[in-house]
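This report concerns only the one structure given below.
Residue numbers (the working numbering), protein chains in the order written: chain F, 1 to 91; chain C, 1 to 431.
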């Protein structure tokens, strides 16, 4: 993961921590948002809402329905950021 | 060849409980038909003549001789009336097709009353139905095998509804459709089953076209879909639409945006500021489907209660009225729920509210669950209108639930009698 990817991951975890009112260091990649961290559907909506506006990423909600773990959420954000903002090299 | 579209009548809250008319110091909402008929009318080929009758307002013309097809649209509360009308037309030798949410989700109940049933979104099937009528080969069921391609939809013929306006029927607003389908799985909602889980957004140009039609007739637009504040593409498209409206000289005004407390809380301030700039003055906050409103009034979920207060305050902070729809009869509601709702409304500052009884509509997960548990009291669908108890609640008797619902209407509006500072549209409540 490059430095921007790391930065985005930290940002996602920071927003999660704010929503859950816990320290970011407690959050681990394999943890499940609902079962392990207690993030309800409102929390997930808030997470996606805040991060999508902060990073200016666009996505269809149904594609976010498969997010289960912290890693899933970070990968989802990075994938959409990559597709929408990374400069493409010559074909 | 001629087709008559009919919007079947149904009983509203005040029809079943006339005392509400004295309790509620507001205009009684008498809204326009859903957009289904307006869409099919727009998809009707020019060799067909068409007309429209609103069964709530006028005679449907059972004995009119020149009808080649009668197309009746219904949802659950109007389904029994629709089937009664279908039987009456067929007894006079007319061909009848039934469509809408109820025939789509309870096809076996509707089919015996019609020559044909349209299951699912009708726009893609409608030309085939009409061709088959012309050939005398109507099939019993037309089933939409795939979602309609929303980028190619025509504008709905809302003129059919607008032309019916008179002293009794004059809605302030008409619905504008932004998308179809929903990826969420709310237990009391039939939308994902009837329209699919993939959200399909209508092009902004199409939505603006719908708005222009209403503006030309001096009407407000209501954005009724609960999905418009979902994160990602929904929010982006809503902002695009609001910006496009703001850039217009004479934009159609929006009466309200339908949403729920979780989506309102999760929406960034930026989106709410755009709504306010576009002069959206009211949220229609649908309750009972989401974890906040399902927990807030149970007396056991303080976090949900606090979030509900925050949602109302967030709306007011942005200058947007939170017209709140309270749903009673959820699984964790008990006899204390009614007074908790009233206390909440006072504390949070809810000025306008409506109250509804949880109703398990056919095709929803909650209907299946209550059926399996033997808790459905009857299948008189004319009473499946949010104003009657049609299932056995978990923590109280059906009579107590009905009594609590009426208590809410009465007590909420007892201390809110003066709405004289509001416009006609702002003073309108659904009951």
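C-beta atoms are modelled at their ideal positions from N, C-alpha and C, and glycine is treated no differently.
Alpha carbon of residue i to alpha carbon of residue j, nearest angstrom
i: residue 160(C); j: residue 253(C); result: 21 Å
i: residue 342(C); j: residue 332(C); result: 17 Å
i: residue 176(C); j: residue 45(C); result: 23 Å
i: residue 202(C); j: residue 179(C); result: 5 Å
i: residue 23(F); j: residue 6(F); result: 18 Å
i: residue 386(C); j: residue 431(C); result: 10 Å
i: residue 37(F); j: residue 48(C); result: 60 Å
i: residue 63(C); j: residue 191(C); result: 35 Å
i: residue 12(F); j: residue 87(F); result: 22 Å
i: residue 6(C); j: residue 52(C); result: 6 Å
i: residue 21(C); j: residue 28(C); result: 8 Å
i: residue 67(F); j: residue 57(F); result: 16 Å
i: residue 334(C); j: residue 400(C); result: 10 Å
i: residue 166(C); j: residue 98(C); result: 27 Å
i: residue 196(C); j: residue 120(C); result: 9 Å
i: residue 131(C); j: residue 114(C); result: 17 Å
i: residue 81(C); j: residue 408(C); result: 29 Å
i: residue 59(F); j: residue 237(C); result: 11 Å
i: residue 11(C); j: residue 40(F); result: 37 Å
i: residue 145(C); j: residue 311(C); result: 40 Å
i: residue 220(C); j: residue 174(C); result: 6 Å
i: residue 273(C); j: residue 267(C); result: 10 Å
i: residue 84(C); j: residue 16(F); result: 54 Å
i: residue 363(C); j: residue 249(C); result: 44 Å
i: residue 226(C); j: residue 367(C); result: 21 Å
i: residue 77(F); j: residue 61(F); result: 12 Å
i: residue 36(C); j: residue 8(F); result: 44 Å
i: residue 42(C); j: residue 67(C); result: 19 Å
Chain D contact for residue i (CB, 8 Å cutoff)
i: residue 59(F); result: Absent from the structure is chain D; the protein chains it does hold are F and C.
Selected residue, minimal CA-CA separation from residue i, among the options
i: residue 188(C); options: 384(C), 198(C), 418(C), 419(C); result: 384(C)
i: residue 72(C); options: 66(C), 89(C), 65(C); result: 89(C)
i: residue 313(C); options: 294(C), 244(C), 349(C), 291(C); result: 349(C)
i: residue 357(C); options: 338(C), 344(C), 363(C), 365(C); result: 338(C)
i: residue 55(C); options: 419(C), 27(C), 397(C), 33(C); result: 33(C)
i: residue 282(C); options: 57(C), 305(C), 365(C), 315(C); result: 315(C)
i: residue 379(C); options: 28(C), 361(C), 193(C), 372(C); result: 361(C)
i: residue 53(F); options: 119(C), 373(C), 232(C), 245(C); result: 232(C)
i: residue 30(F); options: 76(F), 69(F), 82(F), 74(F); result: 69(F)
i: residue 214(C); options: 239(C), 172(C), 244(C), 198(C); result: 172(C)
i: residue 304(C); options: 146(C), 265(C), 66(C), 321(C); result: 265(C)
i: residue 108(C); options: 85(C), 142(C), 131(C), 95(C); result: 142(C)
i: residue 112(C); options: 122(C), 95(C), 126(C); result: 95(C)
i: residue 429(C); options: 355(C), 405(C), 211(C); result: 355(C)
i: residue 275(C); options: 156(C), 218(C), 242(C); result: 242(C)
i: residue 290(C); options: 45(F), 27(F), 72(F); result: 45(F)
i: residue 427(C); options: 397(C), 255(C), 403(C), 18(C); result: 255(C)
Collapsed DSSP secondary structure at residue i in the structure displayed
i: residue 413(C); result: helix
i: residue 351(C); result: coil
i: residue 89(C); result: helix
i: residue 69(C); result: strand
i: residue 57(F); result: coil
i: residue 338(C); result: helix
i: residue 367(C); result: helix
i: residue 69(F); result: strand
i: residue 32(F); result: strand
i: residue 357(C); result: strand
i: residue 14(F); result: helix
i: residue 274(C); result: helix
i: residue 424(C); result: coil
The alpha helix (DSSP H) enclosing residue i, as first and last residue numbers
i: residue 225(C); result: No alpha helix (DSSP H) holds residue 225(C); DSSP gives it neither H nor E.
i: residue 291(C); result: 291 to 295
i: residue 305(C); result: 302 to 317
i: residue 116(C); result: Premise fails: residue 116(C) lies in the beta strand (DSSP E), 116 to 119, not in any alpha helix (DSSP H).
i: residue 21(C); result: 20 to 23
i: residue 16(C); result: 13 to 16
i: residue 377(C); result: Element bounds for residue 377(C): n/a, residue is neither H nor E.
i: residue 238(C); result: 233 to 246
i: residue 192(C); result: 191 to 195
i: residue 108(C); result: 107 to 110
i: residue 430(C); result: Careful: residue 430(C) lies outside any alpha helix (DSSP H) and carries neither H nor E.
i: residue 206(C); result: 204 to 216
Segment limits, beta strand (DSSP E) that includes residue i
i: residue 49(C); result: 49 to 54
i: residue 2(C); result: 2 to 7
i: residue 285(C); result: 282 to 286
i: residue 326(C); result: 321 to 328
i: residue 173(C); result: 173 to 175
i: residue 97(C); result: 96 to 99
i: residue 257(C); result: 254 to 259
Which ranges does the beta strand (DSSP E) cover as unbroken runs of at least 3 residues, wholly within the stretch 123 to 166 of chain C, from first to last along the chain?
141 to 143
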